[in-house]
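A.B. asks: As given, the protein sequences belong to chains A and B, one line each in that order. In terms of the numbering used here, the first sequence has 251 at position 95, counting the first letter as 1, and numbering is strictly consecutive. In terms of the numbering used here, the second sequence has 1336 at position 568, counting the first letter as 1, and numbering is strictly consecutive. Ideal Cβ positions, reconstructed from N, Cα and C, are used throughout, including at glycine. Just dropping this structure here.
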Amino acid sequence: MSIEHEILKTSRLKTRLVKQNVQQGDTKWDLNLYVVGKTSKAATAINNLAIICEEQLKGRFQITVIDLLKNPQSAHDDQIVAVPTLVRKLPLPERNIIGDLSNRERVLVGLGLKEPGELTLA
Amino acid sequence: MKKKEIQSRRTVLPKAPTSIQGLDEITGGGLPKGRPTLICGGAGCGKTLFAMEFLVRGATLYNEPGVFISFEETEKELTANVASLGFDLDKLVESKKIWLEHIHIERSETEQSGEYDLEGLFIRIHSAIEKIDAKRVVLDTMETLFSELPNPLILRKELHRLFQWLKKKGVTTIVTAERGEGALTREGLEEYVSDCVILLDHRVIDQSSIRRLRIVKYRGSSHGTNEYPFLIDEDGFSVLPVTSLGLDHISSPERISTGIPRLDTMLSGKGYFCGSTVLVSGTAGTGKTSIAAQFVEAACKRGERVLFFTFEESPNQIVRNMRSIGIDLEPWVNKGLLQFHATRPTLYGLETHLSTSIKLVNKFKPSIVILDPINAFVLGENQTEVNIMLVRLVDFLKMRRVTAFFTSLTSGNDTMESTDVYISSLIDTWLLVRDLEIGGERNRGLYVLKSRGMAHSNQIREFRLTNHGIELLDVYVGSEGVLTGSARLSQETKDEAEQLLRQQEIGSKQFGLERKRDALEAQIVVLRSEFEAEESDALKVIGIEKAINERFTQDKIKMGKSRRGDVSIKMPGANKKKNIFKGM
């Protein structure tokens, strides 16, 4: 069973869904994904993120999906305005990507997995 | 029926009072309740302050807690910035009257991938509202979102949704926006917020800055459409005019003395009307300030409070100068009945002058306000603005039933009335002090140009500054024309001499006449006695003649009888027959 299916299945967009898959020796990636409710946009974002992470960061990432409807305080604490927002908590520095993550290239650039220059070539 | 319903709905359009001085008057009660209002204007025109005051007043005065969503300043900065206006935000936040929420997006750290929405913002606003049960919301410069978030199309759609959502929630919202070129706002927010749009403007004319406010639009409500000057000072925001939307002040029949007994007499014996506007105009050095000081002294003696605005002399100088004509104002200053307020007209703009005046009047609560002189404000071409300011001031003072006393300096070569023609309509009692140059002397003349509602004197009085105050004297009006000063004195002595001479002449004429009468009367006595003598002689002769005549008749009868003649002698009874014939 692929990781994305597992996320979708267990989450049902509840408060928190934590999937740990940390491999020894590698940098740990900590990602927060902020969504509001069970919208199709939220589902798309989660889906897209899971695919990218599995491809690029297999075994060394952790995704936390935060539903602001259930946890409005984190919108205030983490300065969230637009949703969905993906925040790279680790490695530092923090980086934000907004949108449903449907543009794969931009997500990779946003996460720092690809240089912006490569984007133009691709 | 339908029409009526619409009308009644219009009149009861609910409004959220701002308690910003003057604004509730021109909006007819405040901002539209439960709807968004757009405040737009350039940088530094006071948008944030306006919005903040709206929240603070709502929270403290109307028990309507408010949420301030700031896109530019942090909570700390905001608190510090408005502390200078006396708003203690920390305390209000603590008591859950105000909620500050700073929204910050770092563009450089943000990447967009695919579609997004602003649900995060919605949730933050929603939870802030929930936390303190807010009735008012401020979104301070939403436009920063346009520079912070990609894809303006999505943003526009989302903002539109946001305003609809806020409307549905029924919170009174203020949205601030930067003014754009050729449009009200840079990002065209006025398209979404269409219930009420207020434009703030900050411009510099003749080196002094003027802030103005205009209600561009107010759906479903009547409102003042002019540009109104407004101010931001230590008491917050205030829009002027404070009261001048109507001409419905109550006029008092009470009168107050001018402090100069003969001037009272000229004003039908009682002086100025209480709460009226008095203007004294005249050329330089004609004693305008002295008339004012005399009025002030009289008022202070009655125990009334006087606020004296001086724009040319320092208070000290006025006190010293007035002492020279026997008016001592210092005790009244010490007693707290008289307050001076000296400023150079050029120090601030007209609006600031007006508002400080109004504030001082509100604070000191005088029954008389002196402005000396009003035309110190006229610099260059700003006559119209000065007039507008004076109208506002006069209206304000009239509402407060404060007697206003203005002095105005007129230039010598103009005809007196024309220079002040602009403000004439404002003035109830207008005294004119002018120089009368006769016989190498310059004297002062005073007359009442107009005085509404009283039978005033139409005479020119000579007006003298003595060491015991102002004295009014009759001017000489005679065959030589109007004379004053020593010319009047010499003419008066000349007149006196002439009168004496005339009296002497009359005396001698009377004496001559009497003598003539005496002589005549003596003559009359002589003539009468002569006549009496003649008369008695004549009577005597007549008596003799009569006797002779009688005798002669009797003799004839006797003779007839003795001769027995048939011819009867006519006797007194013989006429009877003739009478009978006549009767036939």
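To the nearest angstrom, how far is the alpha carbon of residue 807 of chain B from that of residue 897 of chain B?
C.D. replies: Locating residue 807 of chain B in the second sequence gives position 39, where the first residue counts as 1. Locating residue 897 of chain B in the second sequence gives position 129, where the first residue counts as 1. Computed Cα separation, rounded: 21 Å.
A.B. asks: Determine the direct distance from the alpha carbon of residue 1158 of chain B to that of residue 1203 of chain B, and round the result to whole angstroms.
C.D. replies: Counted from its first residue, the second sequence places residue 1203 of chain B at position 435. Counted from its first residue, the second sequence places residue 1158 of chain B at position 390. Distance between the alpha carbons of residue 1203 of chain B and residue 1158 of chain B is about 27 Å.
A.B. asks: When you compare only the Cα positions, how much space is there between residue 851 of chain B and residue 1222 of chain B?
C.D. replies: Residue 851 of chain B sits at position 83 when you count from the first residue of the second sequence. Residue 1222 of chain B sits at position 454 when you count from the first residue of the second sequence. Answer to the nearest angstrom: the Cα atoms are 52 Å apart.
A.B. asks: One question on the structure: do residue 868 of chain B and residue 905 of chain B come within less than 8 Å of each other, judged by their Cβ atoms?
C.D. replies: Taking the first residue of the second sequence as 1, we reach residue 868 of chain B at position 100. Taking the first residue of the second sequence as 1, we reach residue 905 of chain B at position 137. No. Outside cutoff.
A.B. asks: So, under 8 Å CB-CB, residue 1177 of chain B and residue 1200 of chain B are touching, yes? Tell me the CB distance rounded to an integer number of Å.
C.D. replies: Reading the second sequence from its first residue, position 409 is the one you call residue 1177 of chain B. Reading the second sequence from its first residue, position 432 is the one you call residue 1200 of chain B. About 12 Å separates the two Cβ atoms, so there is no contact after all.
A.B. asks: Please report how far the alpha carbon of residue 256 of chain A lies from the alpha carbon of residue 998 of chain B, in whole angstroms.
C.D. replies: Your numbering for residue 256 of chain A matches position 100 in the first sequence. Your numbering for residue 998 of chain B matches position 230 in the second sequence. Looking at the two C-alpha atoms, the distance is approximately 47 Å.
A.B. asks: Any idea if residue 791 of chain B is buried or exposed, counting beta-carbon neighbours within 10 angstroms, 16 or more meaning buried?
C.D. replies: Numbered from its first residue, the second sequence carries residue 791 of chain B at position 23. Buried: at least 16 other Cβ atoms inside 10 Å.
A.B. asks: Which residues in the same chain have their Cβ closer than 7 Å to the Cβ of residue 1319 of chain B, if we skip the five residues on either side of it in sequence?
C.D. replies: Within the second sequence, residue 1319 of chain B is the residue found at index 551, counting from 1. Hits under 7 Å: none found.
A.B. asks: For residue 1154 of chain B, name the three-state secondary structure that DSSP assigns.
C.D. replies: In the second sequence, counting from the first residue as 1, residue 1154 of chain B sits at position 386. In the structure shown, residue 1154 of chain B sits in a helix (DSSP, three-state: H, G or I).
A.B. asks: Note the first and the last residue of the continuous beta strand (DSSP E) segment covering residue 1035 of chain B.
C.D. replies: Taking the first residue of the second sequence as 1, we reach residue 1035 of chain B at position 267. Neither: residue 1035 of chain B is in no beta strand (DSSP E) and is coded neither H nor E.
A.B. asks: Could you work out which residues of chain A lie near residue 888 of chain B, taking near to mean beta carbons separated by less than 8 Å?
C.D. replies: Working through the second sequence from its first residue, we reach residue 888 of chain B at position 120. Per Cβ cutoff of 8 Å: 190, 192, 224, 231, 236, 237, 238, 239 and 241.
A.B. asks: Do the region 1041-1052 of chain B and the region 1094-1114 of chain B make contact, defined as three or more Cβ pairs closer than 8 Å?
C.D. replies: Because the criterion of three Cβ pairs below 8 Å is not met, the region 1041-1052 of chain B and the region 1094-1114 of chain B do not touch.
A.B. asks: DSSP state of residue 998 of chain B, grouped into three classes?
C.D. replies: Here residue 998 of chain B refers to the residue found at position 230 of the second sequence. Strand, per DSSP.
A.B. asks: What is the DSSP secondary structure of residue 1303 of chain B, counted as helix, strand or coil?
C.D. replies: Here residue 1303 of chain B corresponds to residue number 535 of the second sequence, with the count starting at 1. Helix at residue 1303 of chain B.
A.B. asks: Between the alpha carbons of residue 874 of chain B and residue 838 of chain B, how many angstroms are there, rounded?
C.D. replies: The residue given as residue 874 of chain B occupies position 106 in the second sequence. The residue given as residue 838 of chain B occupies position 70 in the second sequence. Distance between the alpha carbons of residue 874 of chain B and residue 838 of chain B is about 15 Å.
A.B. asks: Per the DSSP calculation, residue 784 of chain B is bridged to which residue(s)?
C.D. replies: In the second sequence, the residue the question calls residue 784 of chain B occupies position 16. BP columns for residue 784 of chain B point to B:799.
A.B. asks: Based on the DSSP secondary-structure assignment, which residues constitute the bridge partners of residue 836 of chain B?
C.D. replies: The residue you call residue 836 of chain B lines up with position 68 of the second sequence. Note: residue 836 of chain B sits in a beta bridge opposite B:868 and B:906.
A.B. asks: On a CA-only basis, which of B:1066, B:1140, B:1261 and B:996 is nearest residue 1029 of chain B? Give me that one, please.
C.D. replies: To locate residue 1029 of chain B, count along the second sequence from 1; it is residue 261. Ranking the options by Cα distance to residue 1029 of chain B, first place goes to B:1066.
A.B. asks: With respect to the beta strand (DSSP E) encompassing residue 968 of chain B, which residues constitute its N-terminal and C-terminal limits?
C.D. replies: On the second sequence, position 200 is the one that residue 968 of chain B refers to. First-last of the beta strand (DSSP E) with residue 968 of chain B: 964-973.
A.B. asks: Since residue 187 of chain A contacts residue 264 of chain A with CB under 8 Å, what's their CB separation in whole angstroms?
C.D. replies: Sequence index remark: in the first sequence, residue 187 of chain A carries index 31 (1-based). Sequence index remark: in the first sequence, residue 264 of chain A carries index 108 (1-based). The pair is not a contact, with the Cβ atoms about 13 Å apart (cut-off 8 Å).
A.B. asks: For residue 216 of chain A, which residues in chain B fall below 9 Å Cβ to Cβ?
C.D. replies: As a working note, residue 216 of chain A is residue 60 in the first sequence. Going along chain B, no residue has its Cβ under 9 Å from residue 216 of chain A, so there is no contact; the nearest lies around 21 Å.
A.B. asks: Give me the DSSP bridge partner(s) of residue 882 of chain B.
C.D. replies: Along the second sequence, one-based indexing puts residue 882 of chain B at 114. Its beta-bridge partners do not exist; DSSP assigns none.
A.B. asks: Short of 7 Å in beta carbon distance, which residues of its chain neighbour residue 1153 of chain B, apart from the five on each side in sequence? Order them along the chain.
C.D. replies: What you label residue 1153 of chain B is simply residue 385 of the second sequence in a count that begins at 1. Here the set comprises 1118.
A.B. asks: Have a look at residue 1018 of chain B and residue 1172 of chain B and give me their C-alpha separation to the nearest angstrom.
C.D. replies: For the purposes of this step, residue 1018 of chain B is taken as the residue at position 250 of the second sequence. For the purposes of this step, residue 1172 of chain B is taken as the residue at position 404 of the second sequence. In a straight line, the C-alpha of residue 1018 of chain B is about 15 Å away from that of residue 1172 of chain B.
A.B. asks: When DSSP labels each residue in this structure, what does residue 226 of chain A get in the three-state scheme?
C.D. replies: By one-based count along the first sequence, residue 226 of chain A stands at place 70. Correct three-state label for residue 226 of chain A: coil.
A.B. asks: What residues match up with residue 204 of chain A in a beta bridge as DSSP calls it?
C.D. replies: Taking the first sequence and counting its residues from 1, the one referred to as residue 204 of chain A is at position 48. Answer by DSSP bridge pairing: none, since residue 204 of chain A is not bridged.
A.B. asks: Pull up the distance between the alpha-carbon of residue 1073 of chain B and that of residue 1051 of chain B, whole angstroms please.
C.D. replies: Here residue 1073 of chain B corresponds to residue number 305 of the second sequence, with the count starting at 1. Here residue 1051 of chain B corresponds to residue number 283 of the second sequence, with the count starting at 1. Their backbone Cα atoms lie some 28 Å apart in a straight line.
A.B. asks: Closest to residue 901 of chain B by C-alpha separation, out of B:833, B:981 and B:889, would be which residue?
C.D. replies: Numbered from 1 along the second sequence, position 133 holds the residue referred to as residue 901 of chain B. Nearest of B:833, B:981 and B:889 to residue 901 of chain B, Cα basis: B:833.
A.B. asks: Residue 840 of chain B touches chain A at which residues, Cβ-Cβ below 7 Å?
C.D. replies: Taking the first residue of the second sequence as 1, we reach residue 840 of chain B at position 72. Those within 7 Å of residue 840 of chain B in chain A number zero; the least Cβ separation is about 14 Å.
A.B. asks: Mapping DSSP to helix, strand and coil, what is residue 934 of chain B?
C.D. replies: Residue 934 of chain B sits at position 166 when you count from the first residue of the second sequence. The answer is helix: DSSP assigns residue 934 of chain B an H, G or I state.
A.B. asks: Within the continuous beta strand (DSSP E) that includes residue 1174 of chain B, where are the two ends?
C.D. replies: Numbered from 1 along the second sequence, position 406 holds the residue referred to as residue 1174 of chain B. First-last of the beta strand (DSSP E) with residue 1174 of chain B: 1171-1177.
A.B. asks: According to DSSP, is residue 262 of chain A part of a helix, a strand, or is it coil?
C.D. replies: Here residue 262 of chain A is taken as the residue at index 106 of the first sequence, counted from 1. Residue 262 of chain A falls in the helix class under three-state DSSP.
A.B. asks: Does any CB atom of chain B fall closer than 8 Å to the CB of residue 250 of chain A?
C.D. replies: Position 94 of the first sequence holds residue 250 of chain A. For residue 250 of chain A, the answer is yes, since a Cβ of chain B falls inside 8 Å of its Cβ.
A.B. asks: Under the three-state reduction of DSSP, which class applies to residue 238 of chain A: helix, strand or coil?
C.D. replies: Locating residue 238 of chain A in the first sequence gives position 82, where the first residue counts as 1. Reduced to three states, the DSSP call for residue 238 of chain A is coil.
A.B. asks: Per DSSP, residue 1004 of chain B is paired with what?
C.D. replies: Here residue 1004 of chain B refers to the residue found at position 236 when the second sequence is read from its first residue. DSSP, once it has assigned bridges, lists B:1001 as partnering residue 1004 of chain B.
A.B. asks: From the beta carbon of residue 1116 of chain B, is the nearest beta carbon of chain D less than 8 Å away?
C.D. replies: Looking for chain D here will not work: the only protein chains present are A and B.
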